[in-house]
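**Q**
There are 2 protein chains.
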Amino acid sequence: MAAITVKPSIPKGTRDFGPAEMTRRNYIFDTIRKVFRRYGYQPIETPAMENLSTLLGKYGDEGDKLLFKILNSGDFLSSAGGPLPANPEKAALMISEKGLRYDLTVPFARYVVQHQSELTFPFKRFQIQPVWRADRPQKGRYREFYQCDVDVVGTNSLLCEVELVQIAADVFKALGINVCLKINNRKILAGMAEAIGAPDKMMDITVAIDKLDKIGLDNVNEELRADGLSDEQVEALQPILGLAGGKEEKLAGLEKILTSEVGKKGIEEVRTLFGYIDALGVDIKTELDLTLARGLNYYTGAIFEVKALDTEIGSISGGGRYDNLTGIFGLDGLSGVGISFGADRIYDVMTRLDLFPSEANAATDVLVANFGGDDEMYSLKVLARLRAEGLSGEIYPEPAKMKKQMGYADKRGIRFVVLCGENERLAQSVTIKDMAAGEQKTVSIDEAIAIIKG
Amino acid sequence: MAAITVKPSIPKGTRDFGPAEMTRRNYIFDTIRKVFRRYGYQPIETPAMENLSTLLGKYGDEGDKLLFKILNSGDFLSSAGGPLPANPEKAALMISEKGLRYDLTVPFARYVVQHQSELTFPFKRFQIQPVWRADRPQKGRYREFYQCDVDVVGTNSLLCEVELVQIAADVFKALGINVCLKINNRKILAGMAEAIGAPDKMMDITVAIDKLDKIGLDNVNEELRADGLSDEQVEALQPILGLAGGKEEKLAGLEKILTSEVGKKGIEEVRTLFGYIDALGVDIKTELDLTLARGLNYYTGAIFEVKALDTEIGSISGGGRYDNLTGIFGLDGLSGVGISFGADRIYDVMTRLDLFPSEANAATDVLVANFGGDDEMYSLKVLARLRAEGLSGEIYPEPAKMKKQMGYADKRGIRFVVLCGENERLAQSVTIKDMAAGEQKTVSIDEAIAIIKG
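Residue numbers (numbering that gives the first Met the number 0), protein chains in the order written: chain C, 0 to 453; chain A, 0 to 453.
1) Figure out for me which residue from Asp409(C), Ser378(C), Gly389(C) and Asp433(C) has the closest Cα to the Cα of Gly420(C).
2) Is Ile3(C) close to chain A? Criterion is C-beta to C-beta, closer than 8 Å.
3) Does the Cβ-Cβ distance between Leu103(A) and Gln41(A) come in under 8 Å?
4) Closer than 9 Å, Cβ to Cβ, to anything on chain C: give me those residues from the stretch 157-169 of chain A, in chain order.
5) List, from N- to C-terminal side, the alpha helix (DSSP H) runs of 4 residues or more that fit wholly inside the stretch 133-213 of chain C.
6) Taking the Cβ atom as the reference point for each residue, do Pro46(C) and Met48(A) lie within a distance shorter than 8 Å?
7) If we define contact as Cβ-Cβ less than 8 Å, is Ala383(A) a contact residue for chain C?
8) Using CA coordinates, which residue listed in Met93(C), Val151(C) and Gln115(C) is at the minimum distance from Pro121(C)?
9) Between which two residues does the beta strand (DSSP E) harbouring Asn459(A) extend?
10) Excluding the five sequence neighbours on either side, which residues of its own chain have a C-beta within less than 8 Å of the C-beta of Asp373(A), listed in chain order?
11) Provide the residue(s) that pair with Ser77(C) in DSSP beta bridges, ordered along the chain.
12) According to DSSP, is Val233(C) part of a helix, a strand, or is it coil?
13) Could you pull out every residue in the same chain whose Cβ sits closer than 8 Å to the Cβ of Val261(C), ignoring the five residues on either side in sequence?
14) Counting only the same chain and skipping the five closest in sequence on each side, list residues whose C-beta sits under 8 Å from that of Leu390(C).
15) Drop a sphere of 10 angstroms on the beta-carbon of Asn183(A), count the other beta-carbons inside from all chains shown, and report buried for 16 or more, exposed for fewer.
16) Let me know if Pro356(A) comes out buried or exposed under the rule of 16 or more other beta-carbons within 10 Å of its beta-carbon.
17) Rounded to whole angstroms, how far is the Cβ of Arg135(A) from the Cβ of Tyr101(A), which I believe are closer than 8 Å?
18) In whole angstroms, what separates the C-alpha of Phe415(C) from that of Asp148(C)?
19) Cβ of Gln404(A) less than 8 Å from any chain C Cβ?
20) Output, in chain order, the set of chain C residues within a Cβ distance shorter than 8 Å of Tyr58(A).
21) Give the single residue among Lys432(C), Tyr38(C), Val442(C) and Gly412(C) whose Cα lies nearest to the Cα of Ala426(C).
22) Using the Cα positions of Ala108(C) and Leu330(C), report the straight-line distance between them to the nearest angstrom.
23) To the nearest angstrom, how far is it from the Cα of Glu88(C) to the Cα of Leu70(C)?
24) Using a 10 Å radius around the Cβ and a threshold of 16 neighbouring Cβ atoms, would you call Ile283(A) buried or exposed?
25) Tell me which same chain residues have a C-beta within less than 8 Å of the C-beta of Pro398(C), skipping the five on either side of it?
26) Using a Cβ-Cβ cut-off of less than 7 Å, give me the residues of the stretch 390-418 of chain A that come near chain C, in sequence order.
27) Report the neighbours of Ala189(A) on chain C: residues whose CB is nearer than 8 Å to its CB, in chain order.
28) Just how far apart, CA to CA, sit Asp63(C) and Arg384(C)?
29) By Cβ distance below 6 Å, which residues in the same chain neighbour Glu388(C) in space, the five residues on each side in sequence not counted?
30) My output table needs one value for Ala90(A): the three-state DSSP class, helix, strand or coil.
31) Taking 8 Å as the CB-CB cut-off, is Met0(C) touching chain A?
32) Who are the neighbours of Gly73(A) on chain C, taking C-beta pairs under 9 Å?
33) Please tell me whether Glu49(A) has its Cβ less than 8 Å away from any Cβ of chain C.
34) In chain order, what residues of the same chain have a beta carbon less than 8 Å from the beta carbon of Ala235(C), not counting five sequence neighbours either side?
35) When DSSP labels each residue in this structure, what does Arg414(A) get in the three-state scheme?
36) Please confirm whether Gly39(C) has its beta-carbon closer than 8 Å to some beta-carbon of chain E.
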């Protein structure tokens with residue numbers, strides 16, 4: 000192995016996580032996982048690599064380009080079955096048959112179809128795994144990031160929507176993040192398109208009004224006209240876009256405008272969902288946001304989005320109901336609903352607002368100093384006792400100068416240092432130093448354990 | 000999205016993990032993680048993708064071929080800088096600059112060098128992540144599998160070796176697996192090569208005797224001769240290969256044969272390590288195995304391997320000391336030692352010997368039956384109480400027939416079903432059915448909680 004003198008690096012858009020970040024990230028994952036379990040969801044994991052036939056065509060043309068493709072092993076050129084065409088997408092398919100997963104939803108749909116005979120429906124699963132996207136790296140956007148998805152498939156019951164709202168409430172309460180959960184319904188969006196006589200423009204209208212917050216009403220109207228809506232249709236949409244007030248006012252306003260069956264159904268679903276939330280006293284701020292569409296084509300009922308309130312980081316969670324996700328893999332008639340928690344965004348919010356509790360701390364409980372010689376074995380036995388009591392502890396591996404050993408404890412953020420020199424060994428005691436208080440005293444091992452446990 | 004009628008599948012050598020497997024796997028990971036933490040090791044994670052410049056040349060020519068390479072994004076053919084040569088390895092490098100990690104050791108070395116200014120040495124880290132190898136898939140060998148590595152770098156102290164033995168003892172005791180930890184030392188292997196006058200053949204000798212268990216003494220001798228050892232040299236090696244008895248007998252035998260400085264140092268290191276293990280009473284069966292080499296070129300001192308005793312699965316853990324791993328990335332002089340736990344092998348051993356405890360069970364604690372109508376809200380409120388008590392619980396999402404709801408609880412392995420019908424609602428009580436015992440009774444909510452908590 001020849002020495003390389005260039006400082007090593009990692010691919011752009013990817014990250015290393017050191018101990019401090021890991022501990023905070025695990026605090027988030029553990030909190031989310033605990034809530035998922037409390038609601039009866041069960042963990043699954045799928046492979047990082049999926050067949051490209053599973054992934055392609057599921058995320059639109061843009062998504063296909065953002066898939067990381069794995070080069071076939073071995074003599075990939077000979078097995079390509081012919082010379083590579085200049086078109087990179089066609090050429091890629093001749094030398095690559097696997098790709099890294101782009102999200103957890105399509106692998107979940109594939110999983111449900113592949114394992115349908117083993118599963119009990121309704122099937123409630125959660126999945127916490129990284130996904131990969133060849134996006135242009137930018138601040139806060141990565142090419143490898145974790146998703147935390149929770150979904151139930153195999154039932155149309157609105158109780159599932161209620162449960163997801165409860166889960167969001169529990170997760171963000173446990174994390175200490177002040178949020179607003181925005182709710183909309185795709186059927187209301189469809190009802191709007193029908194109400195203005197443009198049912199075939201539902202997607203365009205949805206995409207345009209999804210941008211209302213970002214680009215403002217005038218630009219949305221312009222985009223709607225560019226999409227082929229007549230001035231009359233754009234005009235007819237204004238009362239809907241302008242609906243203000245609380246959910247009751249908005250629903251009352253919608254009831255006057257949406258007269259189609261699907262529109263009425265959407266209003267009813269939203270009313271039912273809010274009714275459950277109120278009756279159960281679910282502890283989360285909610286809002287009916289008629290401009291919420293989340294761009295995703297596959298939602299068919301409820302649409303959710305969670306925003307952090309005390310900082311400008313935006314959406315930290317979102318989801319909705321999809322009626323036929325497994326249909327793309329040949330299994331029709333399974334309705335599902337789910338919500339995804341964005342671990343990176345949540346991490347950023349908690350860091351910015353200083354919300355991590357002191358437990359989310361990577362430090363070891365205690366360092367046993369190393370005096371070498373005869374004292375070493377006594378130190379090792381003391382350390383074994385501390386560990387047997389459930390404390391995390393380490394011994395400095397060499398009998399270095401005390402200043403160096405103390406410096407190590409300090410840099411590592413280890414609060415207690417236990418010293419076992421000759422006097423302590425002969426008395427079967429220890430001297431314990433509290434690095435935070437700067438105090439030390441000589442006590443029995445049991446007393447030291449009590450002090451460290453606080 | 001057109002419907003696909005072919006049943007979806009996953010790439011060969013990869014696996015889906017369903018709820019039951021996940022819970023058992025997490026039991027293993029959690030047990031290992033808890034021990035690592037108790038010994039003061041801290042978690043890190045590195046990206047799935049590394050630059051190929053980081054990975055290539057680190058695992059030998061065969062390893063280079065087994066790397067999964069990621070096709071460059073965009074117009075990879077135009078940016079290849081010329082027509083692709085017929086040689087697949089050269090061609091791959093023109094259209095691929097990233098690969099999936101092959102193990103956790105090289106990314107760790109890269110991490111240490113890249114982040115050296117932020118780290119406190121000795122640096123004790125653990126890492127539990129999947130790795131990918133384009134191996135020919137076969138029974139028990141996968142293309143995606145988890146490694147659980149624990150290493151300390153930045154000290155030569157043998158206390159680290161002792162600590163790794165303690166960690167292995169704690170892990171396998173906690174998992175209930177009866178094991179033997181085999182120990183050898185690369186310096187002893189070097190001393191053997193010197194003792195027979197073939198110091199330049201140390202690697203060949205090591206590789207050959209590593210196979211002693213598998214292919215037998217005669218075949219090993221033949222391989223040694225094929226490697227260029229003279230008959231006299233092979234003959235001179237026989238007393239070493241034939242050393243029998245306990246560690247004391249073997250060490251005494253070695254002391255007569257190994258006279259070089261490195262050989263003596265190896266014997267001294269092994270004696271010291273066993274001395275610590277005995278004095279601390281580390282609770283694990285150990286053995287000095289002079290044929291243990293573990294094929295890996297980078298070990299320079301202690302070599303470890305753990306075998307499960309009660310089943311024929313073979314090695315479930317292994318590691319050793321490497322003196323200059325970070326040298327390949329330009330940072331010399333950092334000695335490290337580590338051990339890796341094979342989660343898949345451990346899973347197989349525990350499954351075969353039926354060692355998973357009943358806690359390693361994916362089931363939800365309780366299902367609340369759904370009677371619909373007025374009873375539904377009462378059921379939801381009871382469920383919220385159960386969850387607030389830390390129980391995992393779910394409501395059947397539809398007011399289906401009781402037989403169907405009971406069948407769901409049964410298939411999911413949910414032991415308790417709580418029924419909240421009109422009588423219970425009016426009395427603010429619940430009827431609880433123990434699916435295991437087949438009994439049911441009507442009790443207060445508090446009593447039900449006590450029953451479920453057992």
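Cβ coordinates follow ideal geometry from the N, Cα and C atoms, glycine included.
**A** So, from the listed chains and residues:
1) Ranked by Cα distance from Gly420(C), the options Asp409(C), Ser378(C), Gly389(C) and Asp433(C) are led by Ser378(C).
2) Low confidence applies to Ile3(C): its pLDDT is 48, below 50, so where it sits in the model is not reliable, and the reading given next is rough at best. Interface residue (Cβ-Cβ distance to chain A less than 8 Å): Ile3(C) is classified as such.
3) Their beta carbons are not under 8 Å apart, which means Leu103(A) does not touch Gln41(A) by this criterion.
4) Hits within the stretch, in order: Leu157, Leu158, Cys159, Val161, Glu162, Gln165 and Asp169.
5) DSSP runs (the alpha helix (DSSP H)) wholly in the stretch 133-213 of chain C: 158-174, 185-194 and 201-209.
6) Judged by beta-carbon spacing, Met48(A) lies beyond the 8 Å limit of Pro46(C), meaning their Cβ atoms are not closer than that value.
7) With a threshold of 8 Å between beta carbons, Ala383(A) makes contact with chain C.
8) For Pro121(C), the nearest C-alpha among the options comes from Val151(C).
9) Since the first and last residues shown for chain A are 0 and 453, residue 459(A) lies out of range.
10) Glu421 and Arg424.
11) In the DSSP output, where bridge partners are listed per residue, Ser77(C) has none listed.
12) Note: Val233(C) maps to helix in three-state DSSP.
13) Excluding sequence neighbours, Val261(C) sits near Lys186, Ala189, Gly190 and Glu193.
14) Cβ within range, chain order: Asp364, Val365, Ile448, Ile451 and Lys452.
15) It is buried - the Cβ of Asn183(A) has at least 16 other Cβ atoms within 10 Å.
16) Classification for Pro356(A): exposed.
17) Contact between Arg135(A) and Tyr101(A) is ruled out by a C-beta separation of about 15 Å, above the 8 Å threshold.
18) Each residue's alpha carbon lies about 39 Å from the other.
19) Not one chain C Cβ lies under 8 Å of Gln404(A).
20) The contacting residues do not exist; Tyr58(A) stays about 10 Å from chain C at best.
21) Residue Val442(C) is the option with its Cα nearest to Ala426(C).
22) Taking the straight line from one Cα to the other gives about 9 Å.
23) In a straight line, the C-alpha of Glu88(C) is about 13 Å away from that of Leu70(C).
24) Looking at its Cβ environment, which holds 16 or more other Cβ atoms inside 10 Å, Ile283(A) is buried.
25) So the qualifying residues of the chain are Asn369, Phe370, Gly371, Gly372 and Glu375.
26) So the list reads Ser391, Gly392, Glu393, Ile394, Pro396, Glu397, Tyr407, Lys410 and Arg411, given in the order they occur along the chain.
27) For Ala189(A), there are no neighbours in chain C by C-beta distance under 8 Å, as the nearest C-beta there is about 18 Å away.
28) Rounded to the nearest angstrom, the two C-alpha atoms are 56 Å apart.
29) Leaving aside the five residues that flank Glu388(C) on each side, the residues in its chain whose CB is nearer than 6 Å to its CB run, in chain order, Ile448.
30) Per DSSP, reduced to three states, the secondary structure at Ala90(A) is helical.
31) Here Met0(C) scores only 45 on pLDDT, less than 50, and its place in the model should not be relied on; the value that follows carries that caveat. At a cut-off of 8 Å between beta-carbon atoms, Met0(C) makes contact with chain A.
32) Residues of chain C passing the Cβ test: Lys64, Pro87 and Ala133.
33) Yes, Glu49(A) lies at the interface with chain C (some Cβ there is under 8 Å from its Cβ).
34) Closer than 8 Å at Cβ, skipping near neighbours: Ala194, Ile195 and Gly196.
35) It is coil, neither helix nor strand.
36) No chain E is part of this structure, whose protein chains are labelled C and A.
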